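Here the structure is laid out as structure tokens; the discussion comes afterwards.
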Amino acid sequence: MQEEIEQYIAVILQEWRPLRAALPQEVIAILRQIADTQSDNLAHRFYETLLKDPAISRHLSYELVEERLSSSLSKWVKAILTEDESQFENLAQLQYHVGGVHARIGIPVEFVQRGARQLKYGIFAYVAQHDIPYPISLQVMHYAAMAIDIAIEMMSHAYAMSHYRATRNEEAYRMHVLMNNAWQEQGKQQSALSSWENSVIYNLVSGVPQTEHLLNISESNFGLWFRHKCVRQFGENTQIQQMRQLMAKIDATMAGIDVTTPIPVEKLQELLRVIHANCQKINTYMEMLFNDVSHMQDGKDALTNLLNKRYLPIILKHEVSLAMENRLPLSVAIIDVDFFKKVNDEWGHSVGDRALTHTANLLSDNIRASDYLFRYGGEEFLIVLVEAGQSETYTLLERVRRIVSNTPFETVSGKNITLTVSIGYTLHNGHPDYNLLLNKADAALYEAKRSGRNRIVQQ
1 MQEEIEQYIA
11 VILQEWRPLR
21 AALPQEVIAI
31 LRQIADTQSD
41 NLAHRFYETL
51 LKDPAISRHL
61 SYELVEERLS
71 SSLSKWVKAI
81 LTEDESQFEN
91 LAQLQYHVGG
101 VHARIGIPVE
111 FVQRGARQLK
121 YGIFAYVAQH
131 DIPYPISLQV
141 MHYAAMAIDI
151 AIEMMSHAYA
161 MSHYRATRNE
171 EAYRMHVLMN
181 NAWQEQGKQQ
191 SALSSWENSV
201 IYNLVSGVPQ
211 TEHLLNISES
221 NFGLWFRHKC
231 VRQFGENTQI
241 QQMRQLMAKI
251 DATMAGIDVT
261 TPIPVEKLQE
271 LLRVIHANCQ
281 KINTYMEMLF
291 NDVSHMQDGK
301 DALTNLLNKR
311 YLPIILKHEV
321 SLAMENRLPL
331 SVAIIDVDFF
341 KKVNDEWGHS
351 VGDRALTHTA
361 NLLSDNIRAS
371 DYLFRYGGEE
381 FLIVLVEAGQ
391 SETYTLLERV
401 RRIVSNTPFE
411 TVSGKNITLT
421 VSIGYTLHNG
431 HPDYNLLLNK
441 ADAALYEAKR
451 SGRNRIVQQ
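Per UniProt numbering: the sequence shown ends with 459, consecutive numbering throughout.
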């Protein structure tokens, strides 16, 4: 990471140093005058604008701004406007430090950019209000704007790096928790949900309530887990949203009920029905969450044990970037098992599953160790062939096609089934958008199937 930072700084300083070196003394003098007389006002303008936004006021308080941040920003403005080339290396390191702090405390980079715009407005206004020769005023405004933009760019780079690292670590933690404790956690939370429901029902029907007021599900152990761990670990999705709505519905139904006084039978029956029905639904959605985890197998398809599409964007983005930076060939192929529906219809889904596993094993055994093989969906597979040009890609895919068609597999009844595959592939043409590779490979596959199947087509 430090090497990447140093490389980025080197590129930035190649732009910044000539700008500063070309400034006439008259421009430098006015920049220093602005720094000495206006830096406090500029800092005040910066934070005054930001604190008007409720979204940023969650991160910053007026007290923090007055006690520390305003004076720090004032010093920053002075440094950006007045330091010469000999101090740029230190200034650059400072921007990375500040950007990392912003990432850690959660100040979005767009808010910093908004504040920087206010700094430039303030500097431009100062220049306009003073009798400065026109060519000099242009150079003052140009350098001030460029220097601020350069500094903010380095902050943004630091923010992006820190945010990426934090996101990656968060995802790794989330997956570690889910994958290592999934079944245990599911059982524990099903028990917590059931325990809450049983406790509420006892308080409602026993005539000997344990508490004066019913404990809302959102305040129960299950509710705490949902709020603090479930949402974080699984992320916002349909199941989470449905569970949240059902819990709110249960709490609304229970609102205002005093278990120390008799409840009419009809009202009690309706209350029990709502609680039980919605708890059952919550449990169903929770099972769906945990089932998704078990099927995911840390990014792997449960049936074939290949990578699933979850990590395809990450891998393609990385490989396209490598291909462009190093001028390396790259190709993507989509493989479809021909007439797979007929296999399912004639032999049943269990044989169909075995056919997919059989095909996956053949593919896995006959690609290079450096290639990526995915279960792309249904009866489709996808291969990312790294550093493979036209000739090498076709040779490998033809070998795969031939081996699949020459390697039958045995059904439960002992009969052999021969499968064939249609393959569409494309070569990377230098475009940074990996979706183009997927679309072209998909179009090539469509043509291979349309023109008779059991063949290879390049798009």
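The beta carbon of each residue, even a glycine, is placed where N, CA and C say it ideally should be.
All values reported here derive from a predicted model rather than from experimental measurement.
Spatial neighbours of Gly389 within its chain, please: C-beta separation below 6 Å, excluding the five flanking residues on both sides.
Position 389 of the sequence shown holds residue 389. Here the set comprises Pro329.
On the DSSP bridge list, what partners appear for Ala333? Walking along the sequence shown from the start, residue 333 turns up at place 333. DSSP lists Ile383 and Tyr425 as partners of Ala333.
TODO: Can you tell me the Cβ-Cβ gap for Ile148 and Ala116, rounded? I've got them flagged as a contact below 8 Å.
DONE: Here residue 148 is taken as the residue at index 148 of the sequence shown, counted from 1. Here residue 116 is taken as the residue at index 116 of the sequence shown, counted from 1. Contact holds; Cβ gap of about 5 Å.
From residue 530 to His97, what distance separates their C-alpha atoms? Shown here, the chain extends from 1 to 459; a query on residue 530 therefore has no answer.
In whole angstroms, what separates the C-alpha of Thr49 from that of Pro108?
In the sequence shown, residue 49 corresponds to position 49, counting from 1. In the sequence shown, residue 108 corresponds to position 108, counting from 1. Their Cα atoms are separated by approximately 15 Å.
query = Name the DSSP bridge partner or partners of Phe409?
reply = Indexing the sequence shown from 1 puts residue 409 at position 409. Phe409 pairs with Ile417.
- prompt: Counting along the chain, where does the alpha helix (DSSP H) carrying Val457 start and finish?
  reply: Against the sequence shown, residue 457 aligns to sequence position 457. Segment Ile456 to Gln458 is the beta strand (DSSP E) holding Val457; no alpha helix (DSSP H) there.
Within its chain, find whatever has a CB closer than 7 Å to the CB of Leu246; leave out the 5 residues flanking it on each side and keep chain order. For the purposes of this step, residue 246 is taken as residue 246 along the sequence shown, with counting starting at 1. Same-chain partners within the cutoff: Asn278, Lys281 and Ile282.
Enumerate, from N- to C-terminal direction, the unbroken alpha helix (DSSP H) stretches of 4 or more residues contained entirely within the stretch 10-56.
25-51
message: Rounded to the nearest angstrom, what separates His228 and Lys188 at their Cα positions?
response: Numbered from its first residue, the sequence shown carries residue 228 at position 228. Numbered from its first residue, the sequence shown carries residue 188 at position 188. Rounded to the nearest angstrom, the two C-alpha atoms are 15 Å apart.
Margin query: Applying the 10 Å Cβ sphere with the 16-neighbour rule, what's the burial state of Ala160?
Written below: What you label residue 160 is simply residue 160 of the sequence shown in a count that begins at 1. Looking at its Cβ environment, which holds fewer than 16 other Cβ atoms inside 10 Å, Ala160 is exposed.
>> How far does the beta strand (DSSP E) with Leu373 in it extend, from its first residue to its last?
In response: Position 373 of the sequence shown holds residue 373. Element bounds for Leu373: Tyr372 to Gly377.
| query | Could you give the distance in angstroms between the alpha-carbon of Pro432 and the alpha-carbon of Pro313? | reply | Here residue 432 refers to the residue found at position 432 of the sequence shown. Here residue 313 refers to the residue found at position 313 of the sequence shown. Straight-line Cα distance between these residues: approximately 12 Å.
Considering only C-alpha positions, which residue in the set Ile403, Glu379 and Gly352 is nearest to Asp365?
Within the sequence shown, numbered from 1, the residue matching residue 365 stands at position 365. Nearest option by C-alpha distance: Ile403.
Check whether the Cβ atoms of Met286 and Gln190 lie closer than 8 Å to each other. Position 286 of the sequence shown, counting from 1, holds the residue named residue 286. Position 190 of the sequence shown, counting from 1, holds the residue named residue 190. Contact flag set, yes.
How far does the alpha helix (DSSP H) with Arg450 in it extend, from its first residue to its last? Working through the sequence shown from its first residue, we reach residue 450 at position 450. Per DSSP, Arg450 belongs to the alpha helix (DSSP H) from Asn435 to Arg450.
**Report entry** Classification of Tyr121 by the beta-carbon crowding that lies within 10 angstroms, buried from 16 upward
**Finding:** Position 121 of the sequence shown, counted from the start, is the residue given in the question as residue 121. Burial call: exposed.
Nearest candidate by alpha-carbon position, reference Arg45, set Val77, Leu19 and Ala252: Counted from its first residue, the sequence shown places residue 45 at position 45. The candidate whose alpha carbon is nearest that of Arg45 is Val77.
Near Ile136, which residues of its chain fall below 8 Å by C-beta distance, leaving aside the five closest residues on each side in sequence?
-> Walking along the sequence shown from the start, residue 136 turns up at place 136. Contacts found: Pro24, Glu26, Val27 and Ile30.
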